[in-house]
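Numbering (our numbering), first residue to last: 13 to 405.
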């Protein structure tokens, strides 16, 4: 009996040793995909890729510049082991053929690539050309907040009208827009700009204390208009900005704009973010989630607004993890150093208004925080932020 117990103990020890040795042996990640090339027809169609792997992997698309492309959509963003991945290739309406890569990447950095080349349409149009755009963001300050003779709305609105005209925006985000100001904007700029508004204080998005997007009526066509609240339940109205600075409803609005002359398309999102520090930081990732939700084609993307966050704040770091700050990427900068002026400081107090960008072919040529005064007086307690940029095909 003792001999049997000794043999069993030895066997168990050996099994443990083998198991321990097995765990210590690193697994070499491996991933491959077939076919390695896909010749896609000009019409929209789906194609299957066979992935062979022994680990988890992510799937992305890459153009020649390393950025994601909008015309190839995989049916998933990640997977594990071997699987079939279906990619949808959108219709190519242009003369030129185009190509991009579908890339499978393991946690350790191993890559497998399928190159997709799509035929052009012989009877199609030329691909979109370059578009030169003037984009901006402007906190207009609510019309009911001031009663003094200098800044009350009945006096200040003429300065604000001149300021908007001087900025020369093609597309711009606006914040703190009362119902009175909405009517005023649509009347004063009728024939020049079209405005869409979103009030986070109404489930249907209509009403007071709104954000909005304005664009030149003759130059752009708007589609895919959406709005949301900056919460984990973005389709439901919420008082999500609470703290020592007060309680507010915060959210954003977005759309896709098509530049009529060039055919260039881009995603544009605007917000007035949380004033209280804790929700300002905690809810910043929601805007990234909503950009992905409403820009599934990965069009060039702009995110603008009064973020209520200085560059060193956590929310700003979160935004920069996904977008680029045009202040940092601009070839040339001018104007004030900060965007919030409080009606008192011509150089500005804090830089809390931003124009972020992400995606293919965006060049920020000029960045300006315009601190122009009108007869020595301010148009708003924020300066407008303006960029001139080129959107290349």
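For glycine and all other residues, C-beta sits at the position ideal for the given N, C-alpha and C.
The Cβ-Cβ distance between residue 132 and residue 107 falls below 8 Å. Counting along the chain, the unbroken alpha helix (DSSP H) around residue 340 starts and ends at 338–341. Burial of residue 283 is indicated by the presence of at least 16 other C-beta atoms within 10 angstroms of its C-beta. Rounded to whole angstroms, residue 115 and residue 331 show a C-alpha spacing of 25 Å. The Cβ-Cβ distance between residue 97 and residue 88 falls below 8 Å.
Distance from the CA atom of residue 242 to the CA atom of residue 265, rounded to whole angstroms, is 11 Å. Here the alpha carbon of residue 215 sits roughly 13 Å from the alpha carbon of residue 221. In this structure, residue 363 lies near residue 322, with their beta-carbon atoms less than 8 Å apart. Residue 342 is classed as buried because its beta carbon has at least 16 other beta carbons within 10 Å across all chains shown. The DSSP-derived three-state label of residue 377 is strand. DSSP links residue 187 through a beta bridge to 151. Secondary structure of residue 60 (DSSP, three-state): strand. In the pairwise beta carbon analysis, the segment 388–404 is classified as not touching the segment 194–201: fewer than three pairs are separated by under 8 Å.
Only buried fits residue 369, as 16 or more other CB atoms lie within 10 angstroms of its CB. Excluding five sequence positions before and after residue 382, the CB atoms of its chain that fall closer than 7 Å to its own CB belong to 179, 347, 395, 396, 398, given in chain order. Here residue 231 is near residue 271, since their CB atoms are less than 8 Å apart. In the three-state DSSP reduction, residue 231 falls in the coil class, being neither helix nor strand.
If you compare the alpha carbons of 289, 313, 58, 361 with that of residue 103, the shortest gap goes to 58. In this structure the segment 36–50 touches the segment 121–131; the number of beta carbon pairs closer than 8 Å is three or more. Beta-bridge analysis with DSSP links residue 194 to no other residue. A Cβ-Cβ distance of about 20 Å is found for the pair residue 317 and residue 390, leaving them out of contact under the 8 Å criterion. Counting C-beta pairs closer than 8 Å gives three or more between the segment 145–153 and the segment 183–197, which meets the contact rule. In the three-state DSSP reduction, residue 370 falls in the strand class (E or B). For residue 291, the secondary structure class from DSSP, reduced to helix, strand or coil, is helix. Rounded to whole angstroms, the separation of the alpha carbons of residue 69 and residue 91 is 5 Å. Here the alpha carbon of residue 94 sits roughly 35 Å from the alpha carbon of residue 278.
Distance from the Cα of residue 288 is smallest, within the candidate group 253, 136, 167, for 253.
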